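The structure appears below as structure tokens.
Protein chains: 2
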Amino acid sequence: MSQLHWEDFTPGRAFEHGPRRLPRDEMIAFAAEFDPQPMHLDEAAARETMLGGLAASGWYVCCILMRMCVDAFLGQSASMGAPGVDEVKLLRPVRPDDELMFRATVLETRASKSRPDMGLVRFEFVMSDMQGRQAVVLITSLMIGRRQKGDAA
Amino acid sequence: MSQLHWEDFTPGRAFEHGPRRLPRDEMIAFAAEFDPQPMHLDEAAARETMLGGLAASGWYVCCILMRMCVDAFLGQSASMGAPGVDEVKLLRPVRPDDELMFRATVLETRASKSRPDMGLVRFEFVMSDMQGRQAVVLITSLMIGRRQKGDAA
Numbered sequence: 252m253s254q255l256h257w258e259d260f261t262p263g264r265a266f267e268h269g270p271r272r273l274p275r276d277e278m279i280a281f282a283a284e285f286d287p288q289p290m291h292l293d294e295a296a297a298r299e300t301m302l303g304g305l306a307a308s309g310w311y312v313c314c315i316l317m318r319m320c321v322d323a324f325l326g327q328s329a330s331m332g333a334p335g336v337d338e339v340k341l342l343r344p345v346r347p348d349d350e351l352m353f354r355a356t357v358l359e360t361r362a363s364k365s366r367p368d369m370g371l372v373r374f375e376f377v378m379s380d381m382q383g384r385q386a387v388v389l390i391t392s393l394m395i396g397r398r399q400k401g402d403a404a
Numbered sequence: 252m253s254q255l256h257w258e259d260f261t262p263g264r265a266f267e268h269g270p271r272r273l274p275r276d277e278m279i280a281f282a283a284e285f286d287p288q289p290m291h292l293d294e295a296a297a298r299e300t301m302l303g304g305l306a307a308s309g310w311y312v313c314c315i316l317m318r319m320c321v322d323a324f325l326g327q328s329a330s331m332g333a334p335g336v337d338e339v340k341l342l343r344p345v346r347p348d349d350e351l352m353f354r355a356t357v358l359e360t361r362a363s364k365s366r367p368d369m370g371l372v373r374f375e376f377v378m379s380d381m382q383g384r385q386a387v388v389l390i391t392s393l394m395i396g397r398r399q400k401g402d403a404a
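Top to bottom, those sequences are chains A and B. Using our numbering, you'd call the opening residue of the first sequence number 252 and step up by one each time. Using our numbering, you'd call the opening residue of the second sequence number 252 and step up by one each time.
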């Protein structure tokens with residue numbers, strides 16, 4: 252795949268990647284470092300919570316999502332970063348050794364107000380389990396280089 | 252500090268933690284695993300980008316924020332998780348070995364519609380540098396256990 256630029260991200264275009272398994276040991280090690288709460292660390296303690304058993308930190312699933320995004324298309328794109336994240340919905344708990352699919356769909360695009368060499372692409376990113384149930388939905392805009400400099404919007 | 256419950260999170264109450272240094276080697280190792288883009292990995296490549304030099308993945312800063320949140324108050328609270336994240340703003344690049352402060356401020360609270368044993372607390376989380384400049388602002392609602400079960404809202 253040749254490098255993707257802003258012009259290539261037309262609304263409705265989608266990119267998929269996966270499945271990727273989220274190993275129990277990595278899931279727990281991540282939580283121990285970044286989100287050390289009982290429901291992410293300890294099976295017995297987790298059973299006492301509303302999650303009903305050990306569940307991944309939402310941040311771990313977001314980080315795996317980001318890696319799958321880079322592997323799916325962003326690593327072959329003229330990526331210039333992101334101004335933030337619009338929204339993250341954690342819809343279902345992710346369990347040790349679950350396998351997840353990544354899907355990115357272009358929602359809309361717009362030229363940058365200030366930089367003629369880049370545009371913004373608003374995406375919906377979804378992580379789903381192998382039964383097609385959505386676990387995480389994330390909406391964000393990425394800054395992507397333009398193939399041809401244009402007028403600022 | 253005795254365990255904090257939903258009733259303790261009154262609007263305006265704030266919790267601070269830090270500073271914490273974000274070491275260059277950890278910042279790069281995180282990016283190599285979860286966000287392998289040139290501006291997060293390689294000093295020379297990063298200088299060619301609009302960031303003007305190596306900068307942390309926004310996800311790394313969010314994960315450090317989460318850890319500082321647990322250390323500041325959430326680890327001593329009746330935390331029941333989160334339904335997602337409302338918004339993340341990445342306002343300034345975070346550089347290798349930068350030191351950041353964490354501050355959480357309660358914006359509003361409400362009882363759960365479905366569960367009399369918990370409530371939601373909407374927070375603003377801010378990561379700032381030692382000059383007081385905001386690097387990341389994150390708005391999210393956390394689910395927190397109630398000390399006394401109430402009527403559902």
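Just so you know, even glycine gets a beta-carbon here, dropped at the ideal spot from N, CA and C. Just so we're clear, the structure is a prediction, and the values are computed from it rather than from any experiment.
Strand pairing of residue i, partner residues [DSSP]
i	result
A:M319	Looking at the DSSP assignment, A:M319 forms no beta bridge with any residue, so it has no partner.
B:L292	Paired residue(s): none; B:L292 is not in a bridge.
B:M369	B:G396
A:L389	A:V339 and A:F376
B:R265	It is Ala, not Arg, that sits at residue 265 of chain B in the sequence shown. Paired residues: B:T356.
B:L255	B:S328
A:R272	A:E350
Cross-chain neighbours of residue i in chain A, by beta carbon under 9 Å
i	result
B:Q288	V321, L325, G326, S330 and G332
Exposure label - residue i; buried when at least 16 CB within 10 Å
i	result
A:P344	buried
B:G332	buried
B:R318	buried
A:D276	exposed
A:D337	buried
B:S253	exposed
B:A355	buried
B:M381	exposed
A:A296	exposed
B:G303	exposed
B:D348	exposed
Chain-ordered chain B contacts of residue i [CB-CB under 7 Å]
i	result
A:F376	Simply none; closest approach about 13 Å.
A:M301	M331
A:L341	A333, P334 and G335
A:W310	C313, C314 and M317
Contact list for residue i against chain A, beta-carbon separation under 7 Å
i	result
B:D337	E338
Contacts that residue i makes with chain B (C-beta to C-beta distance below 8 Å)
i	result
A:R318	E284, F285, D286 and P287
Supposed close pair residue i, residue j - CB separation, criterion 8 Å
i	j	result
B:K340	A:G335	4 Å
A:A373	A:S392	Strictly speaking, residue 373 of chain A in this sequence is Arg, with Ala absent from that position. Contact holds; Cβ gap of about 5 Å.
B:L358	B:Q385	That pair is no contact at about 16 Å.
Test: residue i CB closer than 8 Å to a CB of chain C
i	result
A:R398	Structure shown: chain C not included; protein chains present are A and B.
Margin query: List, from N- to C-terminal side, the beta strand (DSSP E) runs of 3 residues or more that fit wholly inside the region 306 to 363 of chain B.
Written below: 338 to 341 and 350 to 362
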